[in-house]
Ligand SMILES: Nc1ncnc2c1ncn2[C@@H]1O[C@H](COP(=O)(O)OP(=O)(O)OP(=O)(O)O)[C@@H](O)[C@H]1O
Ligand SMILES: [Mg+2]
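In my numbering, the protein residues as written are 344 to 804.
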């Protein structure tokens, strides 16, 4: 089951016939979240805000040409919505209506209303719309995954193109980006795409190796070169021969080692410690840093000549917060990967989790996202991952902030429902309490899809 199936099923009901009806209330009882539009402009605004899968339209035979124009316009805004028509048997047989049905609708429901049959039709339309949108996503997916990297954003797509371009130039590359943005993954992608792909890819973290070991780690040593050197040790540069050497955290390299590395880059030879001859080594260097190397050069902490040697080609990986389109794609990808190992685990993210992930700043970038999703999948005891499972419950989802217009509409709707509840649906008393005329109250109730004839105002509205 996909995450979408566990989310609320939203239904857009377009009823421009002007008559108040009980339908919204009936379908709400079937578990649908219904938003009512009394004209196509309102429907358009609702569609712009929410990703509807199903729309229901009351086709009453009047002004069908206008209805066709409206539906065309709505389809241009969101072509994924599966529209269902609600019409009488008689309308169904009339040519103008059936023509519109054939052109704009996925299915229809004939009146009188049969709650079960209508729910089945809407559910079927919803399922088909989901299948169609997932198939479209899968078609697009291969465009978003390249070099085992995921990225839908324009900047990641540009990075993929650059990886292709630099791969076969066989020049040094400097990769820059904050921690966890995918520098090592990019270096590997360059290697795998290059003519050296059959050779080794050797990664060295210059910041993690102890100072006194890094010299031997990089250049190797001969047997007996120093006390304890019982065997010859092949250094990482030599081990990368014919392939690529990835020097991570290059900014952490001591000045002394910078001199040695510079010599290697200039002469393409290494001297094993304790060795008597220089050895030629054919290696491509890719370096990465998350510090400002120019500043380090200014401060005398990084050799300028080495900086220029390494910085022949440069790739910059943007932080995750600058490419928010990638957040849901990455989250879904890692969720699916992890879920394969945990069939009884959660089935997806709640909408609030998705909203919070989208608005969170991700200081640890993709690595942090993987960690949070991993923890959530492992620890979540329910079917849906909530913000607290991601340890993001304290964050405010920017997406959840609503516009002033929406806030006013919500307040208006709440006030009407409270007035009706308190007056036991007595419209005259409710309108007095609200300080508006009965006619205005009827109009507002219709706009908000509130059914006054029902004895009980449903909880969900
Ligand atoms: N675009 C991406 N698609 C899929 N996985 C990614 C992507 N970017 C990063 N990752 C994953 O995120 C994690 C961190 O990536 P990586 O180690 O390459 O980052 P980094 O920039 O080298 O980090 P650091 O500066 O901390 O060394 C890895 O598990 C990597 O596979
Ligand atoms: Mg790294």
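No residue lacks a Cβ here, since even glycine has one placed at the ideal position from N, Cα and C.
- Where residue 785 is concerned, the enclosing alpha helix (DSSP H) starts and stops at 781-790.
- If you look at residue 656, you'll find it in the beta strand (DSSP E) that goes 656-659.
- Pairwise C-beta distances place the segment 453-466 in contact with the segment 427-440, as three or more of them are shorter than 8 Å.
- At a cut-off of 4 residues, the continuous stretches assigned as alpha helix (DSSP H) that sit fully inside the segment 407-473 are 407-420, 432-436, 438-447.
- Across the set 781, 463, 793, 365, the C-alpha of 793 shows the shortest separation from the C-alpha of residue 761.
- Under the Cβ criterion (8 Å, minimum of three pairs), the segment 695-713 does not count as touching the segment 751-759.
- Taking all protein chains shown into account, residue 679 has fewer than 16 neighbouring C-beta atoms within 10 Å of its C-beta and is therefore exposed.
- In this structure, DSSP gives residue 403 a state outside helix and strand, which the three-state scheme calls coil.
- Secondary structure of residue 560 (DSSP, three-state): helix.
- Per the C-alpha coordinates, the member of 517, 666, 471, 565 positioned closest to residue 659 is 517.
- Less than 7 Å separates the beta-carbon of residue 426 from that of residue 447.
- Taking all protein chains shown into account, residue 670 has 16 or more neighbouring C-beta atoms within 10 Å of its C-beta and is therefore buried.
- Placement of the Cβ of residue 591 at a distance of less than 6 Å from at least one heavy atom of ligand 2 is found.
- Per the coordinates, the alpha-carbon of residue 538 lies some 26 Å from the alpha-carbon of residue 563.
- At least one heavy atom of ligand 1 lies less than 6 Å from the C-beta of residue 493.
- Taking residue 782 as the centre and dropping the five residues before and after it, the same chain places no C-beta closer than 7 Å to its C-beta.
- Classified as exposed, residue 569 has fewer than 16 neighbouring CB atoms from the shown chains inside 10 Å of its CB.
- Burial of residue 358 is indicated by the presence of at least 16 other C-beta atoms within 10 angstroms of its C-beta.
- Counting along the chain, no alpha helix (DSSP H) covers residue 635, and no H or E run does either.
- Within the same chain, and ignoring the five residues on either side of residue 773 in sequence, the residues whose Cβ sits closer than 7 Å to its Cβ are 762, 763, 766, 784.
- Within its own chain, the residues whose Cβ lies closer than 7 Å to the Cβ of residue 381, once the five positions on either side in sequence are excluded, are 358, 359, 789, 790, listed in chain order.
- One alpha carbon belongs to residue 351, the other to residue 583, and they sit about 54 Å apart.
- Residue state for residue 565 is assigned as coil, using DSSP reduced to three classes.
- With fewer than 16 other beta carbons inside 10 angstroms of its own, residue 737 counts as exposed.
- Distances from the CA of residue 721 to each of 702, 681, 700, 558 were compared; the closest alpha carbon is that of 681.
- In the structure shown, residue 382 falls within a coil segment according to DSSP collapsed to helix, strand and coil.
- Taking all protein chains shown into account, residue 651 has fewer than 16 neighbouring C-beta atoms within 10 Å of its C-beta and is therefore exposed.
- When distances are taken from the beta-carbon of residue 587 to the heavy atoms of ligand 1, even the shortest one reaches 6 Å or more.
- In the DSSP annotation of this structure, the continuous segment of the alpha helix (DSSP H) that includes residue 371 starts and ends at 366-372.
- No Cβ-Cβ contact shorter than 7 Å links residue 614 with residue 550.
- For residue 438, the closest C-alpha among the options 561, 407, 476 is that of 407.
- For residue 492, the pairing in a beta bridge is given by DSSP as 489.
- Residue 610 and residue 657 have their C-alpha atoms some 22 Å from each other.
- Short of 8 Å from the beta carbon of residue 597, and not among the five residues preceding or following it, lie these beta carbons of its own chain, in chain order: 554, 557.
- The residue among 700, 508, 587, 366 with its C-alpha nearest the C-alpha of residue 541 is 587.
- The Cβ atoms of residue 733 and residue 715 lie closer than 7 Å to each other.
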